[in-house]
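Right, one structure below, let's go through it.
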Amino acid sequence: MTLFQIIDFIGTVSFAASGALAGVRKQLDLYGICFLAIVTAIGGGTTRDVMLGHVPPFAFTEISYFLLSIATAIVVFTFQTQMTRTYTKLVWMDAVGLGLFNVTGLTIALSSGVGYFGSIVFGVITCTVGGMMRDVIIGETPFVLKQEIYATACIISGVVFCLMHYLGVNMQINMMASAVLLFAIRMVTYKFRVHMPSV
Amino acid sequence: MTLFQIIDFIGTVSFAASGALAGVRKQLDLYGICFLAIVTAIGGGTTRDVMLGHVPPFAFTEISYFLLSIATAIVVFTFQTQMTRTYTKLVWMDAVGLGLFNVTGLTIALSSGVGYFGSIVFGVITCTVGGMMRDVIIGETPFVLKQEIYATACIISGVVFCLMHYLGVNMQINMMASAVLLFAIRMVTYKFRVHMPSV
Amino acid sequence: MTLFQIIDFIGTVSFAASGALAGVRKQLDLYGICFLAIVTAIGGGTTRDVMLGHVPPFAFTEISYFLLSIATAIVVFTFQTQMTRTYTKLVWMDAVGLGLFNVTGLTIALSSGVGYFGSIVFGVITCTVGGMMRDVIIGETPFVLKQEIYATACIISGVVFCLMHYLGVNMQINMMASAVLLFAIRMVTYKFRVHMPSV
Chain H
42 MTLFQIIDFI
52 GTVSFAASGA
62 LAGVRKQLDL
72 YGICFLAIVT
82 AIGGGTTRDV
92 MLGHVPPFAF
102 TEISYFLLSI
112 ATAIVVFTFQ
122 TQMTRTYTKL
132 VWMDAVGLGL
142 FNVTGLTIAL
152 SSGVGYFGSI
162 VFGVITCTVG
172 GMMRDVIIGE
182 TPFVLKQEIY
192 ATACIISGVV
202 FCLMHYLGVN
212 MQINMMASAV
222 LLFAIRMVTY
232 KFRVHMPSV
Chain S
42 MTLFQIIDFI
52 GTVSFAASGA
62 LAGVRKQLDL
72 YGICFLAIVT
82 AIGGGTTRDV
92 MLGHVPPFAF
102 TEISYFLLSI
112 ATAIVVFTFQ
122 TQMTRTYTKL
132 VWMDAVGLGL
142 FNVTGLTIAL
152 SSGVGYFGSI
162 VFGVITCTVG
172 GMMRDVIIGE
182 TPFVLKQEIY
192 ATACIISGVV
202 FCLMHYLGVN
212 MQINMMASAV
222 LLFAIRMVTY
232 KFRVHMPSV
Chain P
42 MTLFQIIDFI
52 GTVSFAASGA
62 LAGVRKQLDL
72 YGICFLAIVT
82 AIGGGTTRDV
92 MLGHVPPFAF
102 TEISYFLLSI
112 ATAIVVFTFQ
122 TQMTRTYTKL
132 VWMDAVGLGL
142 FNVTGLTIAL
152 SSGVGYFGSI
162 VFGVITCTVG
172 GMMRDVIIGE
182 TPFVLKQEIY
192 ATACIISGVV
202 FCLMHYLGVN
212 MQINMMASAV
222 LLFAIRMVTY
232 KFRVHMPSV
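Line by line, the protein sequences give chains H, S and P.
First residue of the first sequence? That's 42 in this note's numbering, and the numbers climb one at a time after it.
First residue of the second sequence? That's 42 in this note's numbering, and the numbers climb one at a time after it.
First residue of the third sequence? That's 42 in this note's numbering, and the numbers climb one at a time after it.
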């Protein structure tokens with residue numbers, strides 16, 4: 042198992058867990074909890090793939106994301122009472138995955154010919170649309186639109202990625218650096234309760 | 042008119058009627074009621090088609106689904122006071138259509154190369170996404186995520202369909218048998234108030 | 042700058058402003074306000090493009106719509122207290138853009154081979170889906186489904202456009218006439234508080 046796969050695994054589990062926990066909180070049944078876990082984990086990447094014409098979307102041919110999301114949902118459903126205190130752990134795991142998902146979205150979009158600006162947007166779509174679907178489906182205002190530095194961290198990391206790409210930095214190094222940067226921004230701003238300006 | 046077309050007709054009318062009734066309940070205007078009827082009837086198949094790259098989606102080239110949905114919406118709007126007691130009849134009609142919609146989704150997905158697992162998911166998408174759009178648009182938690190055996194019945198029927206496909210059973214017989222199985226599961230679990238486990 | 046571009050500019054700004062104002066009302070942060078402005082401005086055209094297989098969608102290769110939406114959002118965010126009395130002005134600007142967006146949707150759909158009926162639907166999708174996304178994301182029943190003559194004005198204008206297209210009227214004249222007609226229907230029905238029938 043490569044480092045890349047381990048990070049992908051951690052990120053997918055944390056996204057799926059946040060979906061499953063939302064389903065538990067909303068008192069959905071087991072199907073609903075699995076559905077929310079899957080949508081949260083693969084909703085962003087699927088939206089990106091469909092908008093770029095990569096069909097069927099990755100998660101429908103590489104089914105390990107589905108299986109991992111369902112397994113996560115069942116664990117959350119079974120041990121729900123013990124799960125409520127894991128929120129901070131989830132934020133950390135989520136931030137680890139976030140860095141990878143963002144550079145994955147950036148790389149796929151760049152190779153699909155949408156340019157730097159569009160690629161940054163597709164990085165954000167990959168990272169945030171799954172969670173927005175989760176929140177809209179359970180009737181809540183999407184978390185990402187109102188607090189913490191989440192999408193903005195993706196944008197900053199995306200800008201740095203594109204800059205390094207433009208300067209010809211080695212792709213592997215660029216992806217690694219941009220992912221670590223995103224992780225750092227997310228955790229530091231989370232720790233110090235930094236928010237975007239609001240009304 | 043073939044048996045296939047009659048079942049398709051019954052299913053489309055029942056999906057459209059559930060959308061129109063939701064619109065009436067939410068006090069939408071005539072456009073809103075027609076819109077909800079259309080989205081409920083064709084939302085699942087349209088999502089499937091777009092995700093598999095079959096564009097324009099079937100309902101935009103074969104307009105009878107639009108016309109049937111609009112006609113259903115106008116009937117519901119006109120006779121709304123008499124409609125409130127038809128819920129159980131709708132559940133039956135819905136279950137008839139469900140079996141067909143599921144095998145249609147399965148067949149299209151299989152021939153698009155997503156394999157057995159992905160095809161079962163696209164059967165569920167075909168059957169449930171229209172109703173989920175209806176519920177999310179009117180601000181309710183999607184019915185399918187919290188009670189009764191609906192998506193799960195699609196999954197069971199999909200597994201049986203794929204198993205028979207793998208064993209080389211005649212396609213016509215397989216579709217018929219899987220559709221009848223779905224109808225049976227849905228109506229028996231509805232009648233005896235079987236639910237998925239929940240919190 | 043052509044007349045076409047000026048109208049496109051006015052329409053995009055008015056759509057983005059309605060999204061940004063909804064974000065301010067819902068107390069989103071600056072990212073959320075920008076996001077809602079973008080989704081409202083490009084959501085309809087993006088949905089149309091993806092459903093017709095035109096990927097990446099126009100707004101992801103022609104980034105001026107993104108930049109214009111973000112600029113509008115920042116202006117609304119900065120001058121929000123002065124903005125509350127501009128609603129009627131926004132309705133006028135919106136109606137100007139509406140006529141253009143509808144004929145754009147009609148023209149693209151016609152040339153994608155969905156026929157007259159499908160093209161009228163894609164005109165409506167272009168004009169209304171962005172606003173519906175805005176409303177669903179902030180948890181409100183979509184405005185377009187419950188009051189005023191909005192989608193219906195698009196449909197009437199679309200029918201007239203298709204009729205003139207069928208009769209061989211010059212395309213430029215047809216687009217201009219259909220856009221003006223839509224503007225007229227929208228403003229007259231708004232002024233005289235005409236609504237669709239409802240429950």
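All C-beta atoms, glycine included, are put in the ideal place defined by N, C-alpha and C.
Worksheet item: Going straight from the alpha carbon of H/L160 to that of H/V201, what length do you get?
Response: On the first sequence, position 119 is the one that residue 160 of chain H refers to. On the first sequence, position 160 is the one that residue 201 of chain H refers to. Sequence check: residue 160 of chain H is Ser here, not Leu. Roughly 12 Å separates the two Cα atoms.
Discussion item. Can you confirm whether the segment 223 to 237 of chain H touches the segment 130 to 140 of chain S when touching is taken to mean that 3 or more C-beta pairs between the two stretches lie within less than 8 Å?
Written reply: The segment 130 to 140 of chain S makes no contact with the segment 223 to 237 of chain H, as fewer than three CB pairs between them are under 8 Å.
Practice prompt. Entirely within the segment 116 to 182 of chain P and at least 4 residues each: give me those alpha helix (DSSP H) ranges in chain order.
Written response: 121 to 124, 128 to 151 and 156 to 178
Worksheet item: At a cut of 8 Å, does the segment 171 to 184 of chain S reach the segment 168 to 182 of chain P through at least three beta carbon pairs?
Response: Because the criterion of three Cβ pairs below 8 Å is met, the segment 171 to 184 of chain S and the segment 168 to 182 of chain P touch.
Item to complete: Could you work out which residue in P/Y72, P/I47, P/A63 and P/F56 is closest to H/Q188 when comparing CA atoms only?
Response: As a working mapping, residue 188 of chain H is identified with position 147 in the first sequence. Considering only alpha carbons, the answer is P/Y72.
Practice prompt. Please determine if the segment 108 to 115 of chain S and the segment 56 to 72 of chain S are in contact, where contact requires at least 3 C-beta pairs separated by less than 8 Å.
Written response: yes
Item to complete: Tell me where the alpha helix (DSSP H) around S/H206 begins and ends.
Response: If you number the second sequence from 1, residue 206 of chain S lands on position 165. Element bounds for S/H206: A192 to Y207.
Practice prompt. Would you give the residue range spanned by the alpha helix (DSSP H) that H/R227 belongs to?
Written response: Walking along the first sequence from the start, residue 227 of chain H turns up at place 186. That run of the alpha helix (DSSP H) goes M212 to K232.
Worksheet item: Just the Cα atoms here: how many angstroms apart are S/Y207 and S/A82?
Response: The residue given as residue 207 of chain S occupies position 166 in the second sequence. The residue given as residue 82 of chain S occupies position 41 in the second sequence. Between S/Y207 and S/A82, the C-alpha separation is close to 30 Å.
Worksheet entry | Under 8 Å between C-beta atoms of S/S219 and H/P97 | Reading the second sequence from its first residue, position 178 is the one you call residue 219 of chain S. Reading the first sequence from its first residue, position 56 is the one you call residue 97 of chain H. No, they are not a contact pair.
Item to complete: Please determine, among S/C75, S/T182, S/L222 and S/P183, the residue with the shortest C-alpha to C-alpha distance to S/G199.
Response: Along the second sequence, read from residue 1 onward, the residue named residue 199 of chain S stands at position 158. That would be S/L222, whose Cα lies nearest to the Cα of S/G199.
Worksheet item: Should H/R89 go down as buried or exposed, given a rule of 16 or more other Cβ atoms within 10 Å for buried?
Response: By 1-based counting over the first sequence, the position of residue 89 of chain H is 48. Buried, since its Cβ has 16 or more Cβ neighbours within 10 Å.
Worksheet entry | Cβ of H/P98 within 8 Å of any chain P Cβ | Here residue 98 of chain H refers to the residue found at position 57 when the first sequence is read from its first residue. Residue contact check for H/P98 against chain P: no CB pair falls below 8 Å.
Worksheet item: Whose C-alpha, out of P/M212, P/I214 and P/I166, is nearest the C-alpha of P/A262?
Response: The structure shown does not extend to residue 262 of chain P, since chain P spans only 42 to 240, so no value can be given for it.
Fill in: Minimum C-alpha distance to P/V132 - residue among P/L151, P/M212 and P/K232
Position 91 of the third sequence, counting from 1, holds the residue named residue 132 of chain P. Distance from the Cα of P/V132 is smallest, within the candidate group P/L151, P/M212 and P/K232, for P/K232.
Worksheet item: Is the Cβ-Cβ distance between H/I79 and H/S55 less than 8 Å?
Response: Looking up residue 79 of chain H in the first sequence gives position 38. Looking up residue 55 of chain H in the first sequence gives position 14. Result no, Cβ atoms of H/I79 and H/S55 do not sit closer than 8 Å.
Worksheet entry | Cβ shell of S/Y106 (< 7 Å), same chain only, five flanking positions each side left out | By one-based count along the second sequence, residue 106 of chain S stands at place 65. So the list reads T53, A82, I83 and A100, once near-sequence residues are dropped.
Discussion item. I'd like to know whether the C-beta of H/F101 is nearer than 8 Å to at least one C-beta of chain S.
Written reply: The residue you call residue 101 of chain H lines up with position 60 of the first sequence. At a cut-off of 8 Å between C-beta atoms, H/F101 counts as an interface residue with respect to chain S.
Worksheet item: Which value, in whole angstroms, describes the spacing of the CA atoms of P/Q213 and P/G164?
Response: Locating residue 213 of chain P in the third sequence gives position 172, counting from the first residue. Locating residue 164 of chain P in the third sequence gives position 123, counting from the first residue. One C-alpha to the other measures close to 17 Å.
Fill in: According to DSSP, residues forming a beta bridge with S/S239
Along the second sequence, read from residue 1 onward, the residue named residue 239 of chain S stands at position 198. DSSP lists H/D70 as partners of S/S239.
Discussion item. Looking at the secondary structure, which residues open and close the alpha helix (DSSP H) in which H/F184 lies?
Written reply: As a first step, residue 184 of chain H must be located in the first sequence, where it is residue number 143. Taken as a continuous stretch (DSSP letters only), H/F184 belongs to no alpha helix (DSSP H), as it is neither H nor E.
Item to complete: Compute the Euclidean distance between the alpha carbons of H/I190 and P/G86, then round it to the nearest angstrom.
Response: Translated into the one-based positions of the first sequence, residue 190 of chain H becomes position 149. Translated into the one-based positions of the third sequence, residue 86 of chain P becomes position 45. For H/I190 and P/G86, the distance between alpha carbons rounds to 29 Å.
Worksheet item: Apart from the five residues just before and just after S/T245, which ones in its own chain have a Cβ nearer than 6 Å to its Cβ?
Response: Residue 245 of chain S lies beyond the stretch modelled for chain S, which goes from 42 to 240, so this question has no answer here.
Fill in: Extent of the continuous alpha helix (DSSP H) to which S/T102 belongs
Locating residue 102 of chain S in the second sequence gives position 61, counting from the first residue. Where S/T102 is concerned, the enclosing alpha helix (DSSP H) stretches over F99 to T102.
Worksheet item: the segment 43 to 70 of chain S: which residues have C-beta closer than 7 Å to a C-beta of chain P, in chain order?
Response: V65, K67, Q68, L69 and D70
Item to complete: Note down, in chain order, each residue of its chain lying with its Cβ closer than 7 Å to the Cβ of S/I197, except the 5 sequence neighbours on either side.
Response: Locating residue 197 of chain S in the second sequence gives position 156, where the first residue counts as 1. Only I226 meet the Cβ criterion.
Worksheet item: Taking buried to mean at least 16 other C-beta atoms within 10 Å of its own C-beta, is P/P183 buried or exposed?
Response: In the third sequence, the residue the question calls residue 183 of chain P occupies position 142. By the neighbour-count rule (16 or more Cβ atoms within 10 Å), P/P183 is buried.
Practice prompt. Label S/M42 either buried or exposed according to how many other C-beta atoms from any shown protein chain fall within 10 Å of its C-beta, with 16 as the threshold for buried.
Written response: Working through the second sequence from its first residue, we reach residue 42 of chain S at position 1. Label assigned to S/M42: exposed.
Worksheet item: If you run the structure through DSSP and keep just helix, strand and coil, what is S/T81?
Response: Stepping through the second sequence from its first residue, residue 81 of chain S is reached at position 40. S/T81 falls in the helix class under three-state DSSP.
Worksheet item: Using DSSP with H/G/I as helix, E/B as strand and the rest coil, what is P/T53?
Response: Against the third sequence, residue 53 of chain P aligns to sequence position 12. Looking at P/T53 - three-state DSSP - the assignment turns out to be helix.
Fill in: Residues from the segment 169 to 196 of chain H in contact with chain S, defined by Cβ distance under 9 Å
V177, I178, I179 and G180
Worksheet entry | Residues that S/S198 contacts on chain H, provided the C-beta gap is smaller than 9 Å | Here residue 198 of chain S refers to the residue found at position 157 of the second sequence. Simply none; closest approach about 14 Å.
Item to complete: Output yes if chain S places a C-beta closer than 8 Å to the C-beta of P/S262; else output no.
Response: An answer regarding residue 262 of chain P cannot be provided, because it is not within the stretch 42 to 240 covered by chain P.
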